[in-house]
Every structure is written in structure tokens, then in C-alpha cells.
């Protein structure tokens, strides 16, 4: 029986990303009549292995080694490669986060394959074992469907494009895998600076207020901060605003930045390049505020305000204050 | 060695984006071709590093047909030392392993110590070439790098995290895969350097393409069904009021 291997790269609790990869794995395994398996890597894998079983993985491959306490690409790759050689999966699944982005192509190469990253959906055919993955290309202007018929198909799904797995306790078997060697990290860590975001995380926010080139400078983000704060939301930005140095790149929304899916996405002074829309198209309601009625953002927005944000945001902020 | 790709201008508005009839590829006639934007960031990272290491050189490499040499001319215009094209006629689409193999061949031939790539090309958005390249060469690879400095014991790489950044030290040979940052926006070429670049030599390195292709089953332009409702109002205040009213009606506020 074939096997769908989900890669869970957490230490301790299962992250939303891991629940999504399990969710994707579960539906592919159901379509293919395959076993849902999970790879768990770390210095202490017990907790994640147990959690994987509670979310439906019936075979759990654990690589436990003191050297793997913290994620580093070369070490985790060696571990995953050993798991793949042990279980010979039909499909290997990641989420397109920082880790999945770098691991999927390199793991695929080691297994003699080419990976596919940033996929939105899939279609599996039980008869042939053929799975077709859909991936946006050309900054989202087109959708490519790619058939992966040779095992293993190594794929990373775009975050927030897949429903996370629901709890489903199964009788899980845990198999310990010992790689023949785990290479040391070729890089020495000098410094790590974790940005503390005040308030809610951009990706979890139910309201995102984003600014772009039309804001004209970093100081004007203060209005956006104020509005986002009042609505319990977070501030995002277009790539232009990030490249201009107005805001930190961790705020970039788009195909290569954060993928957000809030209830309200308020795009202020953002023209609406495809690659930006790729990061917010899952929002319930996109609201565009822009002086240029021809801006492409109006082609993607549900609600549009044609006008200067400097004249619209202050009364909007006042009104929200009154409501609270 | 900095790897550059010539692509269809990603700024092309969606209404002008068309597919070649009956082919799983976009129409290129009349569409400007440009250097992929993350590759511009990669080139800038390379140029800045060269300024800090005596004797270092930047070689720009592209894989593609003769027309792709335009991106090499652009690199020469911002003072890359050498330009190399690895000939390949067909578009590899999402099969980045083929391109990585060709680039690896060029890196070996050039005796490169450091290969810098953009994180993904703005056409097929594959996002793999630099990573596969590190496997192909057997060199350490760092993804999402924003800048590289010389350090006491090798190179110091700044790399983005989901929230924040980290600074790593590593030794050459290595592959750095670059993402955009305010510090690596490509410099603008002087007119005189652009003219001079037209006369410079573009070298050629031939490498035998290898590796399998992914099977592209279809390529489609998604149909957008959004009809934007313009919020009425005489002034900012009225528009703000009407906007909130609609957001409440849509039950998202």
C-alpha cells in the first residue's frame, strides 16, 4: 500500500502549518487509498509523534538525535532523506513556509525528482495514482496544473490554502529511523533577532490594513497602525513599501511575503500587482482605497473608495472610535 | 557568480497577459523582457560584496537563448566583471533542475567560490534553482539571504526569518539564495556604462542539459468574478460612513 508522508517540523506542539500539511495529506491519502504517515524530527520527538497520531497519522517515522534540537536545513534534510529511503512514500508533503521552501526542492533532488512549491490544490486519481497539483505562475496571472505521476511527488502546499486536519485518533505505529550520518550545520549562528509584533500576528489577523507606494513615505503608516489597532488587526505592506525601507519585510503581503486571509483586507495606496494580490486573495472582503480609479486593485476588490486616503482614513478612524 | 534570468515583464497588466494559442506558454510578442526582480537583488548583493573584498570579481551568468544576453548587458552596465551565457533554447518552465544542472556546470568551469541566485523567477515562480544548485554542487546553501559581508572567518550572511532575521557565518564555497530587502535594490546604471556594456564580450559555456521534466498538464488564465462596488460620497467623511455601513451589512465588521 502506498504512503503519503507529511513532514512535521515542529518541536513540542503542532503548529497551524503542520495541521495544514496533515489536512492535505489526509485528503490525498483518502483519494489514493494510501496510508497517512508523518515524519517527525528533533532531539525529543515524543510529543509531536503523539500529536501526529491524534490527528490521523497511522505511521509515524521519528528521527531523534541531540544534534537536531534546532532546525537547520542540512541536518533536517539528512533526517528526511533517511525517512524517505526507509518508507518509500508516493507523496512527500510540506507547507510553503521558510523551511518547506528550502527543504522540498533539495529533498526532491536527493530523491532524483523535481519538487513543486506553493501549490494551492490537488486532484488525485485512485486508478492511476496520478495527482495533479495546481500552482499559480506568472505572479498569479496564470494557473499551472502539474501532473506528478512518478513517486515520490515532493510538494509544498501554500499556507492557508488547505483546511487544517481535525483531531482523529488512530492506532499509530511509531518507527525510529537512524540516519547513517547527520552532517553538522555548515553555518555558525552569530545572531538571531526575532521581531516582536505588538498585537495580533499579521497572518492571524481578522483585519489587515496594508499600505503601498501611494502612502509616499514611512510616516504615513501611522494612520494605518492606528486604524489596525482600533480594529484589533495588523498592518501589512506591498513590496514597494518594503523595498523603499518604509516598513520591515516581515510585513510584506504577497506571493513571496505573508499570505493572509482576513475578514477585511484594506489596501491603501496599493496599485494591486498580481504578486501582491496572490497574498491577500483569500480575504473575505478586499477594500481598496486609491486615487487612481484605473488601478488594478479595483479589479480584485469587493469594495472600492476612489479618493485620497488622507481624506478618508481620519474620518474612518473617528467613526470606528465612536462605535467602540 | 550571480545567476540571472530573463523573464516576461511581471509588471505587464493582467489584461495584456495572454497565452500562446494552443501552447502552454504565454505570448511574448510585443511584451517587454526584463531581468527577474529577485535576480536584480542577487546581483546587487554580489556587487556590494565585491566592493568589500580586494580582488573579488562578479561574473553574471544566464541560461537561455541568445536574446537572453540582454540581462547580461544590464549586469555589465552596473559593472559586473564578466558575462557568460549557457545556451539553452527551450523554456524549462517548472523543471528548474535542468537549469540548476547547467548553472552548476558553469560554476565548475568558472571556478566560482560563491554562487548567488534570486529566490524565484517572476515568470514560472518555481523557487528552486538556487536550492537544487547547492545540492548539485554539494555546497552549503542559505535561503532568503538579504546581504553578504566579508567576516573574520569567512562570509557573514544576513538571512530573513518568518519574523525577524539571523546572521550566519559560513565558508566558501556556498550558494546564497537572495530575497528582496531595502538594502539590495539594484543600483541604476550610468548612461555611459550602459553604452560601454553594449560593446563588451559575452562569453559562452556549453553544458549538456540533464534531468527530467515535470509534466505540465495545463496552463490557464483564471477568470476573475469580482465586481468592485464603488463607495459613493461627496467627501472623505461621507465615503468613510458609507464604507462602514457596507462592511456592517456584509457582516465582516
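Chains as they are written, first to last, in my numbering: chain U, 122 to 445; chain L, 29 to 281.
Glycine included, each C-beta is placed from N, C-alpha and C at the ideal position.
* To do: Write down every uninterrupted run of the beta strand (DSSP E) in the stretch 189-266 of chain L whose length is 3 residues or greater and which is fully enclosed by it, in chain order.
  => 192-198, 202-206 and 243-248
* Asked: Can you give the Cα-Cα distance for residue 267 of chain L and residue 33 of chain L, rounded to whole angstroms?
  -> 45 Å
* Asked: Do three or more CB pairs link the stretch 170-178 of chain L to the stretch 73-91 of chain L at distances below 8 Å?
  -> yes
* To do: Please determine if the stretch 254-262 of chain U and the stretch 148-160 of chain U are in contact, where contact requires at least 3 C-beta pairs separated by less than 8 Å.
  => no
* Have a look at residue 144 of chain U and residue 155 of chain L and give me their C-alpha separation to the nearest angstrom. => 24 Å
* Partners in chain L for residue 266 of chain U, counting only beta-carbon separations shorter than 9 Å -> 244, 245, 246, 247 and 248
* **Members of the stretch 416-429 of chain U that neighbour chain L once the beta carbon cut-off is set at 8 Å** => 417, 419, 420, 421, 422, 423, 424, 425, 426, 427, 428 and 429
* Asked: For residue 152 of chain U and chain L, any beta-carbon pair shorter than 8 Å?
  -> no
* When burial is assigned at 16 or more other CB atoms within 10 Å of the CB, is residue 297 of chain U buried or exposed? -> exposed
* Run of the beta strand (DSSP E) containing residue 193 of chain U, from where it starts to where it stops -> Taken as a continuous stretch (DSSP letters only), residue 193 of chain U belongs to no beta strand (DSSP E), as it is neither H nor E.
* For residue 386 of chain U, the first and last residue of its enclosing alpha helix (DSSP H) -> Run containing residue 386 of chain U: none in the alpha helix (DSSP H); it sits in the beta strand (DSSP E), 385-389.
* Asked: What do you get for residue 413 of chain U, buried or exposed, if any count of 16 or more other CB atoms within 10 angstroms of its CB means buried?
  -> exposed
* For residue 218 of chain U, which three-state DSSP category applies? -> coil
* Asked: Closer than 8 Å, CB to CB, is residue 256 of chain L near chain U or not?
  -> yes
* Considering only residues of the same chain and omitting the five flanking positions on each side of residue 437 of chain U, which have a CB-CB separation below 7 Å? -> 348
* Asked: Would the stretch 306-316 of chain U and the stretch 343-360 of chain U be scored as touching if the rule is three or more Cβ pairs under 8 Å?
  -> no
* Asked: Taking contact to mean at least 3 C-beta pairs separated by less than 8 Å, is the stretch 193-203 of chain U in contact with the stretch 125-137 of chain L?
  -> no
* Asked: Does residue 405 of chain U come within less than 8 Å of chain L when only Cβ atoms are used?
  -> yes
* To do: Would you please state the rounded distance, in angstroms, between the beta carbons of residue 203 of chain L and residue 138 of chain L? I believe it to be under 8 Å.
  => About 14 Å; that fails the 8 Å criterion.
* Enumerated in chain order, which unbroken segments of the beta strand (DSSP E) with a length of 3 residues or greater are wholly contained in the stretch 300-350 of chain U? -> 309-315 and 328-332
* **One or two residues paired with residue 284 of chain U in a DSSP bridge** => Note: residue 284 of chain U sits in no beta bridge, so no partner.
* Per DSSP, the bridge partner or partners of residue 35 of chain L -> L:62
* Label residue 222 of chain U either buried or exposed according to how many other C-beta atoms from any shown protein chain fall within 10 Å of its C-beta, with 16 as the threshold for buried. => buried
* Partners in chain L for residue 219 of chain U, counting only beta-carbon separations shorter than 7 Å -> 172, 189 and 190
* **Residues bridged to residue 244 of chain U [DSSP beta-bridge criterion]** => U:253
* Any idea what DSSP makes of residue 266 of chain U, helix, strand or coil? -> strand
* Could you run through the stretch 303-318 of chain U and flag, in chain order, every residue whose CB is less than 7 Å away from some CB of chain L? => 307, 308, 309, 310, 311, 312, 313, 314, 315, 316 and 318
* Asked: When burial is assigned at 16 or more other CB atoms within 10 Å of the CB, is residue 255 of chain L buried or exposed?
  -> exposed
* Between residue 268 of chain L and chain U, is there a C-beta pair that is closer than 8 Å? -> yes
* Among the residues of its own chain, which have a CB less than 8 Å from the CB of residue 200 of chain L, if the five just before and after it don't count? -> 141, 142, 182 and 183
* Could you name the residues that DSSP lists as bridge partners for residue 157 of chain U? => U:125
* Proximal residues of chain U, C-beta to C-beta of residue 42 of chain L below 8 Å -> 262, 395, 417 and 420
* Asked: Taking contact to mean at least 3 C-beta pairs separated by less than 8 Å, is the stretch 175-185 of chain U in contact with the stretch 285-295 of chain U?
  -> yes
* Given residue 208 of chain L, which residues of its chain have a CB within under 6 Å of its CB, disregarding the five upstream and five downstream residues? -> 69
* Quick one: does residue 136 of chain L have its CB under 8 Å from some CB of chain U? -> no
* **is_contact[residue 213 of chain L, chain U] using C-beta, thresh 8 Å** => yes
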